[in-house]
Amino acid sequence: MANIVEQLQVAVNKGLSPKDLIDRFKSILDEIIKDPKQPQTIDNFKKILDAVVDDKIILVASRQLLTDLCTSYLNRLTSEQAKEVALYALERIAARAISFEDQGGLYRNFLADIYEHEENWREAAKVLCGASLESAQKPLSPDYKLKTYLRIARLYLEDDDPVQAEVFINRASLLQNDTRDEQLQILYRACYARILDYKRKFVEAAQRYNELSLKSIVSSEERMRALNNALICAILAPAGPHRSRMLGTLFKDERSQQSQAYSMLNKMYLERIISPHDAKQFESLLAAHQKATTADGYTILQRAVIEHNLVAVSKIYTNITFAQLGGLLGILSEKSEKIASQMISEGRLSGFVDQIESVLHFQASEQLAQWDRRIESFCVQVNQVLDKIQAVHPDWCQKTMALVEENISASTNDDDDIGVAEINTTTAKPMDVS
Numbered sequence: 001m002a003n004i005v006e007q008l009q010v011a012v013n014k015g016l017s018p019k020d021l022i023d024r025f026k027s028i029l030d031e032i033i034k035d036p037k038q039p040q041t042i043d044n045f046k047k048i049l050d051a052v053v054d055d056k057i058i059l060v061a062s063r064q065l066l067t068d069l070c071t072s073y074l075n076r077l078t079s080e081q082a083k084e085v086a087l088y089a090l091e092r093i094a095a096r097a098i099s100f101e102d103q104g105g106l107y108r109n110f111l112a113d114i115y116e117h118e119e120n121w122r123e124a125a126k127v128l129c130g131a132s133l134e135s136a137q138k139p140l141s142p143d144y145k146l147k148t149y150l151r152i153a154r155l156y157l158e159d160d161d162p163v164q165a166e167v168f169i170n171r172a173s174l175l176q177n178d179t180r181d182e183q184l185q186i187l188y189r190a191c192y193a194r195i196l197d198y199k200r201k202f203v204e205a206a207q208r209y210n211e212l213s214l215k216s217i218v219s220s221e222e223r224m225r226a227l228n229n230a231l232i233c234a235i236l237a238p239a240g241p242h243r244s245r246m247l248g249t250l251f252k253d254e255r256s257q258q259s260q261a262y263s264m265l266n267k268m269y270l271e272r273i274i275s276p277h278d279a280k281q282f283e284s285l286l287a288a289h290q291k292a293t294t295a296d297g298y299t300i301l302q303r304a305v306i307e308h309n310l311v312a313v314s315k316i317y318t319n320i321t322f323a324q325l326g327g328l329l330g331i332l333s334e335k336s337e338k339i340a341s342q343m344i345s346e347g348r349l350s351g352f353v354d355q356i357e358s359v360l361h362f363q364a365s366e367q368l369a370q371w372d373r374r375i376e377s378f379c380v381q382v383n384q385v386l387d388k389i390q391a392v393h394p395d396w397c398q399k400t401m402a403l404v405e406e407n408i409s410a411s412t413n414d415d416d417d418i419g420v421a422e423i424n425t426t427t428a429k430p431m432d433v434s
């Protein structure tokens, strides 16, 4: 085709109407795009862009041509060609950014789509960050800004950068109450749950994931994935009452039985000792960031299992030496003392440390004491009812009590037949080592 620059100059200098000028430029673009493999294709697109953003062309025509070029022509180029042209367009638009705000956003989203398709998450996020959402001359809808912030946050999460992701989630949080788009609200909650997960706030993350798993607007597959994430986060959470409540909520959810993490959930909810084999099997379900090592040298899972096993031990023993405790937990006695002391100070374990004797004493939790008091109160009320019945129907009570005593006597005689060897196998719960 004839020299592209000459054709463009002729079109501009003819004094055509905006519509005719747009049609002329598009006919030139049609000629260029016929064979996009030509070596001069990229240069020709750049020359078109130079002419389009020139202030000799009326603004309404420039805006329309920039929009058409992005939506109708760039997608017919190869990925690399489209990237180069789109980047050049943003470079040329920058000088007149205020005049081409909408077009700048269009090219940024186009570039982000390409980078995202290539799994170049960080570049996709960076190109979207260049958009001036808050300082735009033309007011942008809350939904558009929220959607953009959430997309940037998600891209940074894919790039394992929760710090940057949180910056944009915080901006999105100011807008999420202004939208009626349920999909955007779900996306916000999903991103927020992932950030809590990355920040190791596992109980809060489990709560958020569990809420998502109950949303009917979410597909069944995504709901199950959210529930599975909730199970994993609850299991990784530090031992304590908040975690116990979360484990209870998930354990009672029948859907949890379909999860690969259910076996571990079951043992933790029932406060059973977790073996190294159980932990090893569960580890395969963890994401990369959940396998990180903490400051004390343990992985997140190892620390969670140690703390859980320590709570489980407190249900069996009244007190125990740190040497014995270390043996049960599979760690050094000094480490077991440090972890137990920290849990006690944080209110996650009821007990106290005797440092002179190197003994950990467990105390019944307040919840257990409340339970005992409720049982006692119930028994008192039953006795009061029985007394009232006896006062009104003494003969019936006498016959009934005689029958109860006969049944108790018969049961006692049956128990006498149990062998001594079998009795000796019964294990007492507490073992005092003081």
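Take the sequence shown: its position 46, counted from the start at 1, is 46 in the UniProt record's numbering, and no numbers get skipped. Using N, Cα and C, we set each Cβ at its ideal position, and we do this for glycine too.
With C-beta atoms as the reference, is residue i less than 8 Å away from residue j?
i	j	result
residue 86	residue 65	no
residue 301	residue 313	no
residue 262	residue 247	no
residue 359	residue 341	no
residue 199	residue 162	yes
residue 214	residue 230	no
residue 69	residue 82	no
residue 243	residue 211	no
residue 25	residue 63	no
residue 22	residue 53	no
residue 41	residue 28	no
residue 155	residue 124	yes
residue 184	residue 147	yes
residue 310	residue 339	yes
residue 186	residue 169	no
By a C-beta neighbour count over all protein chains shown, 10 Å radius and 16 as the cutoff for buried, is residue i buried or exposed?
i	result
residue 362	buried
residue 121	buried
residue 379	exposed
residue 308	buried
residue 337	buried
residue 76	exposed
residue 145	buried
residue 374	exposed
residue 3	exposed
residue 412	The predicted position of residue 412 is uncertain, since its pLDDT is 49 and thus under 50; a value taken from the coordinates is nonetheless stated next. When all chains shown are included, residue 412 counts as exposed.
residue 44	buried
residue 324	buried
residue 150	buried
residue 357	exposed
residue 207	buried
residue 391	exposed
With a cut-off of 8 Å on the beta carbons, I'd call residue i and residue j a contact; round off their distance for me.
i	j	result
residue 67	residue 106	6 Å
residue 285	residue 256	Wrong, their Cβ atoms sit about 13 Å apart, outside the cutoff.
residue 235	residue 265	6 Å
residue 193	residue 172	Contact doesn't hold; Cβ gap of about 13 Å is too wide.
residue 51	residue 90	Not confirmed; about 17 Å, so no contact.
In whole angstroms, what is the alpha-carbon distance linking residue i and residue j?
i	j	result
residue 197	residue 143	26 Å
residue 405	residue 398	11 Å
residue 252	residue 275	23 Å
residue 319	residue 350	12 Å
residue 5	residue 116	34 Å
residue 127	residue 108	6 Å
residue 259	residue 289	20 Å
residue 95	residue 104	11 Å
residue 15	residue 48	18 Å
residue 291	residue 232	12 Å
residue 39	residue 164	39 Å
residue 130	residue 57	26 Å
residue 205	residue 267	21 Å
residue 254	residue 102	49 Å
residue 403	residue 332	58 Å
residue 294	residue 347	21 Å
residue 303	residue 321	20 Å
residue 395	residue 377	27 Å
residue 202	residue 287	13 Å
residue 17	residue 10	14 Å
Problem set entry | Uninterrupted alpha helix (DSSP H) stretches inside the segment 262-328 (no shorter than 4 residues) | For the segment 262-328, whole alpha helix (DSSP H) runs of length 4 or above, ordered along the chain, are 262-269, 276-283 and 300-314.
For this session: List in chain order: all unbroken alpha helix (DSSP H) runs of 4+ residues lying wholly within the segment 31-79.
Result: Here the runs fully enclosed are 41-52 and 59-68.
Exercise. Going along the chain, which unbroken runs of the alpha helix (DSSP H) with 4 or more residues stay wholly within the segment 157-185?
Worked result: Fully enclosed alpha helix (DSSP H) runs of 4 or longer: 162-173.
For this session: For the segment 340-380, list the beta strand (DSSP E) runs that are entirely contained and at least 3 residues long, ordered along the chain.
Result: If only uninterrupted beta strand (DSSP E) runs of at least 3 residues are considered, those enclosed by the segment 340-380 are 351-354 and 359-362.
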